[in-house]
Ligand SMILES: [Zn+2]
């Protein structure tokens, strides 16, 4: 009649924000939880350590994250501009618009590792559906 509701299913938004495997929502997408460890920021295992889901679905799969990253950056900058306008106000006369530009640019730059990881998490969540019973028996690693 309707889908079984167990109440224990990890939420989609939570699993995307915490960079979890979209198939089981338990395994980590990245080998290191710290996004500011720049040498290995984007290092991912080939397969999910919990369910075995392959992460790079095809060669160059993660090139598409550029679209997501761009959207996230524009949204962040838009949010900063709106928040700045409502709290400080924007004007070229007191240079507040330039301060806002500087803060927006610095914030976007500082958050790039987080945004890049989030972009990959969102991108793979577009293509891989949640399945609590999925086990990839063909994985080689
Ligand atoms: Zn998994």
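Residue numbers (our numbering): 1 to 141. Note that CB positions come from ideal geometry on N, CA and C, so glycine has one too.
Min CB distance residue i to chain B below 8 Å
i          : result
residue 21 : The structure shown contains no chain B; it is built from a single protein chain.
Which of helix, strand or coil DSSP assigns to residue i
i          : result
residue 93 : coil
residue 58 : coil
residue 3  : Residue placement at residue 3 cannot be trusted, given a pLDDT of 44 that sits under 50; what the coordinates show is reported in the next sentence. Correct three-state label for residue 3: coil.
7 Å Cβ shell around residue i - same chain, five flanking residues per side excluded
i           : result
residue 25  : 10, 15 and 130
residue 110 : none
residue 4   : Low confidence applies here, because residue 4 scores a pLDDT of 46, under 50, leaving its location unreliable; read the following figure in that light. Contacts found: none.
Own chain partners of residue i with C-beta closer than 6 Å, once the 5 adjacent residues on each side are dropped
i           : result
residue 85  : none
residue 144 : Residue coverage of the chain in this structure runs from 1 to 141, which leaves residue 144 outside it and unanswerable.
residue 97  : 90
residue 21  : 27, 48 and 53
residue 128 : 22 and 23
residue 55  : 44
Reference residue i; option with closest CA among the options
i          : options             : result
residue 41 : 47, 49, 32 and 48   : 32
residue 74 : 38, 108, 19 and 122 : 108
residue 76 : 20, 118, 55 and 18  : 118
residue 49 : 23, 103, 125 and 17 : 23
residue 30 : 128, 60 and 121     : 121
residue 37 : 67, 13, 79 and 113  : 113
Integer Cβ distance of residue i from residue j, believed to fall under 8 Å
i           : j          : result
residue 100 : residue 81 : 6 Å
residue 115 : residue 69 : 6 Å
Would you mind listing the alpha helix (DSSP H) stretches within the region 95-134 that are 4+ residues and don't spill past its ends, in chain order?
96-110 and 112-127
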